[in-house]
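Have a look at the structure below, then the notes.
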Amino acid sequence: MKLNHILTSLLLSTLSFGQNPTQLLREAEAKLSSADVSAEVSIRTVRPKWERTMEAKIWNKGMDKTMILITGPA
Numbered sequence: 001m002k003l004n005h006i007l008t009s010l011l012l013s014t015l016s017f018g019q020n021p022t023q024l025l026r027e028a029e030a031k032l033s034s035a036d037v038s039a040e041v042s043i044r045t046v047r048p049k050w051e052r053t054m055e056a057k058i059w060n061k062g063m064d065k066t067m068i069l070i071t072g073p074a
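Take the sequence shown: its position 10, counting from 1, is numbered 10 in the working numbering, and each next residue is one higher.
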């Protein structure tokens, strides 16, 4: 009986503190939308007969302004 009470309390405590994926994405988007973000990325595509790499620089200012500069292949 005591074990049932312990397991029930553990289960209820984890359910009350859990976050759903939608909430996590909203919080991440809110943090990114208020900040100026810059990144350098490299995208590698591998196929059975060929391979290609594209490089780019990305700048964001809030959620309204984005600039992408493709720097490679040259």
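We treat Cβ as the ideally placed atom computed from N, Cα and C, and that holds for glycine.
None of the values given here were measured: they were computed from a predicted structure.
Apart from sequence neighbours up to five positions away, the residues of its chain that approach MET54 with a beta-carbon distance below 6 angstroms are ILE43, ordered along the chain. Of the candidates VAL46, GLY62, VAL41, the residue whose Cα lies closest to the Cα of ILE70 is VAL41.
Ranked by how close their Cα comes to the Cα of ASP36, the residues ASP64, GLY72, PRO73 have ASP64 in first place.
Within the DSSP secondary-structure output, ARG44 pairs in a beta bridge with THR53. ASN20 and ARG26 have their C-alpha atoms roughly 10 angstroms apart.
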